[in-house]
Amino acid sequence: MRHGFDASDVILGVLELAKALQRLAVRGRPADPLLELSPPLLRRPGESDFQIIRDIAWRSWASAYGAFLPEEDRSRFFAQYYTKDGHRRALASHRTLFLLAEDERSPMAFLLATEDAGRVHLHRLYADPRRQRSGAGQVLWDELIRWTRARGATRIVFEVASDGVSGPQFYRKQGCRPIDETVMPIGRVPVRVMRYAFDVSREVRGR
């Protein structure tokens, strides 16, 4: 029988301690590295952001409408309504809210709305499906409410495809009211579209 410890005992002890410390470090590390990122930042896009915005919209359409709207029909729609000239006109308009949400990684969502005679029309609010649950859509919506109130407008109106995956759920969560439904042809496909309204109080309210 031997007494005391030799060098091998010390080495084994150090290795076991190192493993224990490593397990603690892993256990305390956030499971999702995105949790360590800061909240989305908003900025007005420039001309050079045209393709970024178009790509976000394209991926969002593919994710939300791909099940009932073929790629060929989506391509025709984008060729008509997502153009560089249209992008420039939106940037130049003084009655337009045009915002891009991004973080340290990349742009993740955008919003386009116009105000006329006390009413705001939300044309586009799309988030990149690759960055789902980033909170960018909510940040953009909250800024739209603030901007609408600052413009003295009292109502936001917009249209959403009734069969979309996430749009109707998001807007109903915000308290938007469905008004009526119509059918809009996109390419060769008749798409059911629901019109929504959101009434904005003139007072500043906490959310």
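Start counting the sequence shown at 8; every next residue gets the next number (the numbering used here). Glycine included, C-beta positions come from ideal geometry on N, C-alpha and C. These numbers were taken from a predicted model, which means no experiment stands behind them.
Test item: CB-CB of residue i and residue j under 7 Å
| i | j | result |
| --- | --- | --- |
| leucine 129 | isoleucine 163 | yes |
| serine 70 | proline 136 | yes |
| alanine 134 | glycine 142 | no |
| glutamate 122 | arginine 140 | no |
| valine 146 | proline 47 | yes |
| isoleucine 152 | phenylalanine 117 | no |
Sequence-distant residues of the same chain with beta carbon closer than 7 Å to residue i, five excluded per side
| i | result |
| --- | --- |
| lysine 91 | Phe57 |
| phenylalanine 105 | Arg51, Pro52, Ala97, Leu98, Leu119 |
Through-space distance from residue j to residue i, alpha-carbon basis
| i | j | result |
| --- | --- | --- |
| phenylalanine 84 | threonine 189 | 18 Å |
| lysine 180 | aspartate 80 | 30 Å |
| phenylalanine 177 | glutamate 109 | 20 Å |
| tyrosine 203 | arginine 126 | 13 Å |
| arginine 87 | tryptophan 65 | A small correction: the amino acid at residue 87 is glutamine; arginine does not occupy that position in the sequence shown. Distance between the alpha carbons of glutamine 87 and tryptophan 65: 13 Å. |
| glutamate 155 | serine 208 | It should be pointed out that residue 155 corresponds to threonine in this sequence rather than to glutamate. Rounded to whole angstroms, threonine 155 to serine 208 spans 10 Å at the Cα level. |
| phenylalanine 165 | arginine 112 | 30 Å |
| aspartate 149 | glycine 159 | 16 Å |
| glutamate 54 | serine 45 | 26 Å |
| alanine 74 | alanine 124 | 37 Å |
DSSP state of residue i mapped onto helix, strand, coil
| i | result |
| --- | --- |
| arginine 138 | helix |
| arginine 131 | strand |
| arginine 156 | helix |
Same chain only: Cβ atoms within 6 Å of residue i, ignoring 5 sequence neighbours per side
| i | result |
| --- | --- |
| valine 196 | Leu76, Asp80 |
| histidine 94 | Phe57 |
| methionine 201 | Val167, Ser169, Pro185, Glu188 |
| arginine 138 | Met115 |
| arginine 61 | Tyr89 |
| glycine 174 | Val167 |
| aspartate 206 | Arg162 |
| arginine 131 | Leu119 |
Other residues of its chain near residue i: CB distance less than 8 Å, five sequence neighbours each side excluded
| i | result |
| --- | --- |
| serine 67 | Tyr133, Ala134, Asp135, Pro136 |
| proline 192 | Val198 |
Which whole runs of the alpha helix (DSSP H) in the segment 55 to 128 are 4 residues long or more, in chain order? 57 to 72, 78 to 88, 91 to 99, all fully within the segment 55 to 128.
Minimum length 4: unbroken alpha helix (DSSP H) runs contained in the segment 158 to 210: 174 to 180
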